[in-house]
Structures are given as C-alpha cells and as structure tokens.
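Chains G and X supply the protein sequences, listed in that same order.
The first sequence begins at 1173 in our numbering and counts up one residue at a time.
The second sequence begins at 2 in our numbering and counts up one residue at a time.
For glycine and all other residues, C-beta sits at the position ideal for the given N, C-alpha and C.
A quick note: this is a predicted structure, and the numbers were derived from the prediction, not measured.
Reviewing the structure listed below.
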Amino acid sequence: MNRSVTGRLAIRLLLLLIMTLPLSSWAHKASDSFIYLESAQSELRIDLALRDLALVLPLDTNGDGQLTGAELRSNRAGITRFVDQGVAIASASGRCDLEGQQWGLSSHSDGPYAAARYRIVCADNEPPATLEYNLLFEQDALHRGLVSVNNGDTERLAVLGPDNRVLTLDPLSGAGARVLDLFGTFLVEGVIHLLIGLDHILFLLVLMLPATLPRKGRRASDHNRPEHSLRARLLELVGIVTAFTVAHSMTLALAALDIVTLPIAWVETVIALSIALAALNVFWPVLGRKTWKLAFGFGLIHGFGFASVLGDLTSGVSQIVVALAGFNLGVELGQLGLLLVLFPVLHACGRFPLYQRAAVPLMLLTVGALSLYWVAERATAI
Amino acid sequence: MIRTTNKPSTTCFRSCGLRRQPNSDPGLTALHPALTRRAFSIATLITVLTMETALAAPAAIETEFADNAVLITLPATAASPADRPDAQEPARDAEAAANQLQTYLTLSRTAGDPRYLGYAQALVDQWPKAQMTDRLLILHATLNQSLHRFEAARLQLRQVISRSADPASIIQARVTLANLELVQGHYAAAGDQCDQLAKTFPGLIADSCQALVQARTGHPRAAYDDLLTRTQRSPASSTSSLAWAEGTLADLAAQLGKPAAGEHWRRTLVLSPDDLYTRIQLADWLLAQGDNEAVMEVTEGFAQTDALMILRAIAMKQLGHPGTDQLTEHLKERFREAQWRGNLLHQRDFARFALDVEGDAETALTHAQSNWQQQREPLDTRLLLRAARAANATSIADDVKAWLARHNQTDARYPEDPS
C-alpha cells in the first residue's frame, strides 16, 4: 500500500477509531420531559430539563456557561411561551386554555428542571380529550414526553415521541370502570383467600359445631320440625358469621389505612389463642353463650392479622378502600358459601350419637391443639 | 402440621425489582401458613395496583430559589445559541454534516451522554436519504450500533464495504463491522473482517482485531503473547493504534486472569483519558480484585455515568461507606425513569444493579438474559452466568455454557462451577 494513502487513512481513522469500541456500554439519562395530568384531569404540570431548554432558548444571558436563579427567572416568559406553542390540550369543543398556577424549579435524576403547574380550562366545561406534545423533537430525536395521567385514584403512564405526539385521554367514566374492576378483582381474592386460609376455616368450624348438635330442652320440637330447625339455625349462623366479617372488616380497614397498627407477632398469638378459646367455649362456656358477640370480638382481632401486613401500604388511599371493600365482601361470600355447603351435612350428622360423642369432641380437640401449638410457636418467637 | 414457606411472588410487573414486596419476618409467619399466605397475597395485589402512583410521584415545585444560585453548568455545545443544533443552518454539504455527526458521536462517547445521540439522530433524520455518502453511512451505522439497532448497522456497513470506491471508507467500515460482530459473539464473521483488514490496513488495529477473535475462540494465551510482542515491536504507532492495542491486551489479560490486566487498562486510560469504556472495564477489574478503594478513585466524578456509579455503589456497599444508601436511591430513581420511558434502559447495568446492589436475582436474570440476546462480550456473559446461578436457573446457565463450549471460550472472569 502506498505510503501517502496509509498516512491519510491513519489520520481519518484517528478521528473515527474512538467510536469503534463497543458503544453505549453505559446507561445515562436521555432527554425526557415529565408531564402530569392531575386532579381528575383538571390540572397540568410540566417539568422541562434546564439543559434541554437551553438548547432552544437563550437562557444563559451572560454567556458564562452557567445558569443562575436570576437568569432562569428572567426567562420565565420565554419558557411559558415555548410550552404554550408546543403543548396543547383539547376537548370536544376545541383547544383548552392553560392558566398558570405555580412556577419554579424541580428535579429529576439527571438534574434541575423548570416546572409549571396549570389549571386546564376547556370551553363549556367539557373534559379534556387529547394531549398533544411537540417540544424539542426537532433538536433531539430521542427526546420523549413522559406522561402520567392521574384520574382520581387510578394512574396511567404513557410516552410521547416524534412519531406519537398525541395522547387520547380516557373519559372520566373510564376511571369508574377501573374502580369496578379493582373491586371485582378483590372480591374474587376474598373468596379464594377464605378457602385457602386454614385458621379462618377452623374458626368457622368451631362457630358452626355447637349448632349442629341437638339442643337440650328443645329436643322434642326439633324432632317434629327438622326442616324448620335447620333453616332457623342456618339463619342464626349467618348472623354470627356476618358479625365476624363486620368486625374483621373494621380492624382491617383501620390498620390498612394506617390509623391503628399492632405488632404482628402479638396479633398472631392472640388469633391462635382465640381459636383455642372458641373451641374450649363449646364444652365450657367460659366466654358465655352469646355466640355472635364472641364472633364479633374475635373478628376484631382477626382483622389485625392481615392488616399488620398491609399497614405500610398507604399510597392511593381510596384505591385501598375499594380493594378492602371488595376483599371483605368476598370473604363474607366465601364464608356464607362454605356455611351453606358444610352446615347441612354436619347438621344431618348431628342425629348420630357417634358424631355427638366422638366426632365433635375430636374435631374441637384437634382445632384446640393446633391453635395452642400456634400459640406456643408465636409466644416463643416473641 | 402444614408447613409452607412464603414463596415471594415471581410475577414481574412494571417495577419488578424496584420496589420490594412487603413481607413480614418469615420466622414469625412460616408456621401460620394460611394467614400469612392470604395477607401476603392481598398485600402483593395492592402493591401492584398502587405501584404506578409510587413510580410517577414527582418532586415538589420549589418556588423559592436564590438569584445567585448556580442551577446548572451547561455543556459547551448548548451554552451558546450559535452552537445550538436548531440554530445551525442545515449542513450544506455532506462533509460538514458528517463532521457535525462525528462531533456528536464523539461527545456521546466521551461524556457518556445519550442526548448527543438524540442530536445526531435529528441531524440524520433531516438529511436527504438520497445524499448519503459512505462516510455518512458509516457514521449512521455507528449511531445505530450505539442505539442497539445492530441489524441496521450491519446492513449499512456491508453496503459500504461492497459498494464504496474509497479504500479509507472500506477500512473504517470493516473495523466497525468487525467490532460489532465481536460484541454480538459472531466470531467467524468478525474473523473474516479482521483478516481482510490485515491485508488492506496492516498494523496494530488489525492485529488487535485478530487477537480478540483468536482469544474468544480458544486461544487466549497465544493471542495475548503474540499481540504483546507486536505492540512492543511497533513503538512508533499512532496514539489511537496504541490505545487500541493496549485495550485489547488488557481485555485478553483479564480473560486469562493475569494481574497485568490492571496495568494495561491504566495505560489505555492514559492514552485516551476520556474513554468511558476503558474506565468502566478498569473499575470492573478492580472490583473483581476486591480493590474497593481503587474503584472509588476511578469512579470519582462520573455521577452521570450509571455503569460507573453502579460499580461505585457495589464498592461502597462492600466498604460499608456511609454514602451507599444515597447513591443507591439515586440509581433507583434513574432506573424508575428509564423504565417509564421504556427504551434506552441499559439492561446490563440494570441487571448488575439488581444482582449486586439489590440482591434481586430474578430481576437480574430477566434483564441479563435479554441483554445477552444482543451483546455477548465477556462481561455480558459473566453477568448472565452469575445471575443464573443466583436464581438457581440451571438450564439457562447450561445454554450459555453450551454456547461457550461451541466456541471453545474460556474466561477467568466467569464464575467457577462449584465442584
């Protein structure tokens, strides 16, 4: 190869070589703007990186390469105009007005941003239907507008880019539909979790067992009208189980909303103890015969059982309320379903002496022993 | 007695790995399975449903800031309106456009800043397709490679190699293509380009190219010794050729587990002090040697370069440095934003962070695997092997090992099999 050609190549390569090693072996934040549609789409907040704004506006007035607070303030009008010509919110009746509410500095992981909050005012009070974003794409093809749409308590994230500049906003009824979805999901969860929860089922069994036994003193009338008796007892049990659910919903909500929190180890010990006590109470009514009051009291304790785990989940409060309502209703439905299937069977067994004298005591003993074992485990753990 | 352990949810939603699932002490809950499972599951569900709120919550708007406060120091290219990309006349001739493009690409590499890639992309988008010169095509291919559009880059480089009348362009395209094939683990294709390069542009660059292919396909020792001899015999080479050879020697030494690797990396850094790739490799090597103090030194002042900050965070964690939590939080915010954005999330960095800082093997494995589909440099392969081991994903590790065996590739940086 001719020397001068090689020499020319070397010079050219010198310039390019540095780029030939594996590139982008590091992550680093690209240019993003942050756009928040808040308060059921009535407010807009836009955060633009100062670094990006400096590309399109002469922010550095004195040209010293540094941007000061004063320079930013003096450019406020320019920044507002820039946002105004590049960001548009429109409703069915046309473009909406953006009324400035707050203006200042904010920060994201790559440094300072100019931030502004606007109230969205659309003609005829129509809800906003579209958000269009056109800033900075001409300067930086990798620039993106990161959008968060907050419809009350549900939130949707989106990304706007040069090929996708318009975001269609959900009508607000969409938010209602999502709440319904959330409720449905947790309703199913409630049913499932009742069915796989051993402690819960055991407690239900203990509440149920006394009612499956013929009652002393009323035996004659029962024998005459067994159907009526089954129905009456079922209704009574439904009341008891519901009392349990109501109580357990109350404490679960209290703790999930961070109003009351108890240490989980203690709560679990008391729950296990309560099951053992309930089993004991069938033979020796140390806690009395008012079963629904018992169930309510125990329900209060059991609610804290899940709640202590939920205690630190405090974001999106009304979402949690919807979720809890669905969940508790699901638990109640599961309990009632279980009752309807299990109780008639046990009630039918109630006529056999072997059931009364052996099966029931054995079941209660097992439940009691298991619960006491849990208590012991908890107590040693504390 | 029913005993179940609390298996953490393996369903990965948007912020998998970014927010730990709430869980109670397993010692307290393991024996109360029903209760715990139920509570755990509802907690998980609520977490998932409220996660986006946590993701997007912005910092408050600060209205009181001092007039004399310096908010930001602007990079030179953006400081003066005259240098603004939009203020520039659309480049009149291809050579001017190529110069501008090359400036952006160089800045993106030395500053580690993808904003310059965005400016480069805007320039390419505005340039008429019919007027692409060889040089513009090569630069566009380099941009595509930086943005992980490997196939587009490969096609453009092949086009230059097959059609160009300019030997310099062909050589540059070959160097770039050989490198791309090496990064992706296509050693035969890389070897072809290196051999062609050795014929048309003999020297340390072609030697380095061939040495890398040789080392990755079963002969690292011979490749190292040979390249070392050649480098010592060509003292008059240009700085960039020397930097290239030193960097290759460092990589080969690291592959062989030779302590000389550190010295080679340092010499490469002296020759090209702005090169972040070399700095990351050096920091990684020092970290592997357990020299956490040296990692702190090498990564000092590179707060914007995530790969270096992750290595710094690992070193800080091992040193018990008081600043560990602050840096970890900063990196978490960075990754949250990158995930919201969706693209440009650097999977290797994210996986490394998940594995070594967060201790989240599942997330690390997912991203290490997806990274390995695109890039198979030793550090990519090592990360996947380590993540697979931490997550007990034997079959994934076996697939990687089968690929390594097929290329006869051994590397002292890879985790050893427990025997």
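Reduced DSSP category for residue i - H, G, I as helix; E, B as strand; rest coil
| i | result |
| --- | --- |
| A392(X) | coil |
| Q1274(G) | strand |
| H187(X) | coil |
| H265(X) | helix |
| F1455(G) | helix |
| I1492(G) | helix |
| N100(X) | helix |
| A403(X) | helix |
| A95(X) | helix |
| P168(X) | helix |
| G248(X) | helix |
| S1263(G) | strand |
| Y1208(G) | strand |
| G1540(G) | helix |
| D418(X) | coil |
| H149(X) | coil |
| A1548(G) | helix |
| A1467(G) | helix |
| V1255(G) | helix |
8 Å Cβ shell around residue i - same chain, five flanking residues per side excluded
| i | result |
| --- | --- |
| Y105(X) | Y117, L118, Y120, A121, L124 |
| V401(X) | W373, T382, L385, L386, A389 |
| L1229(G) | N1247, G1250, I1251, F1254 |
| N145(X) | F151, A153, A154, Q157 |
6 Å Cβ shell around residue i - same chain, five flanking residues per side excluded
| i | result |
| --- | --- |
| Y415(X) | R383, L386 |
| T178(X) | Sequence inspection shows Leu at residue 178(X); the Thr mentioned does not correspond to that position. Excluding residues within five positions, the ones whose Cβ falls inside 6 Å are L158, Q194. |
| L108(X) | Y117 |
| L1445(G) | V1547 |
| Q1274(G) | R1289 |
| G1498(G) | F1355, F1358, L1359 |
| H1420(G) | G1471, H1474, G1475 |
| A254(X) | A261, A262, H265 |
| I1207(G) | I1218, G1317, V1319 |
| A1415(G) | W1464, A1467, F1468 |
Contacts that residue i makes with chain G (C-beta to C-beta distance below 9 Å)
| i | result |
| --- | --- |
| A60(X) | D1219, S1278, S1279, H1280, Y1285, A1287 |
Sequence-distant residues of its chain with Cβ nearer than 7 Å to residue i (five each side left out)
| i | result |
| --- | --- |
| L1332(G) | Y1305, R1316, G1317, V1319, L1339 |
| P1284(G) | L1222, L1277 |
| G28(X) | Its pLDDT being 31, under 50, G28(X) is placed unreliably in this model, and the coordinates cannot settle the point. |
| R335(X) | D307 |
| L1508(G) | V1410, V1413 |
| P1334(G) | F1309, A1313 |
| A95(X) | Q132, T134, L137 |
| N293(X) | A316, Q319, L320 |
Beta-carbon proximity of residue i to residue j, cut-off 8 Å
| i | j | result |
| --- | --- | --- |
| S1246(G) | A1295(G) | no |
| G1258(G) | L1307(G) | yes |
| D167(X) | Q305(X) | no |
| A1450(G) | V1378(G) | yes |
| I171(X) | A1287(G) | no |
| I1473(G) | V1439(G) | yes |
| L283(X) | L270(X) | yes |
| L1511(G) | A1448(G) | no |
| V161(X) | E378(X) | no |
| L198(X) | V176(X) | yes |
| P221(X) | L257(X) | yes |
| L1402(G) | P1525(G) | no |
Residues that residue i contacts on chain G, provided the C-beta gap is smaller than 7 Å
| i | result |
| --- | --- |
| W341(X) | L1318, L1329 |
| E63(X) | G1276, L1277, S1278 |
| V214(X) | Per Cβ cutoff of 7 Å: no residues; V214(X) is ~15 Å from chain G at best. |
| I73(X) | L1222, R1223, L1239, G1283, P1284 |
Residue i: contacting residues in chain G (beta-carbon distance under 8 Å)
| i | result |
| --- | --- |
| N372(X) | Here the premise fails: no neighbours, minimum Cβ distance about 11 Å. |
| D68(X) | T1240, G1241, A1242, R1245 |
Neighbouring residues, chain X, relative to residue i (Cβ below 8 Å)
| i | result |
| --- | --- |
| L1376(G) | Those within 8 Å of L1376(G) in chain X number zero; the least Cβ separation is about 12 Å. |
Residues that residue i contacts on chain X, provided the C-beta gap is smaller than 7 Å
| i | result |
| --- | --- |
| H1315(G) | G119 |
(request) For the segment 141-168 of chain X, enumerate the residues whose C-beta is nearer than 8 Å to any C-beta of chain G, in chain order. (result) T143, Q146, S147, L148, H149, P168
(request) Check each residue of the segment 312-337 of chain X: if its Cβ is closer than 7 Å to any Cβ of chain G, include it; give the result in chain order. (result) H331, E334, R335
(message) Please list, in chain order, the residues of the segment 111-137 of chain X that have any C-beta partner in chain G closer than 7 Å.
(response) G113, D114, P115, R116, L118, G119, Y120, Q122, A123, D126
(request) Below 8 Å between beta carbons is the criterion; list the residues of the segment 1202-1216 of chain G that meet it against any residue of chain X, in chain order. (result) A1202, S1203, D1204, F1206, Y1208
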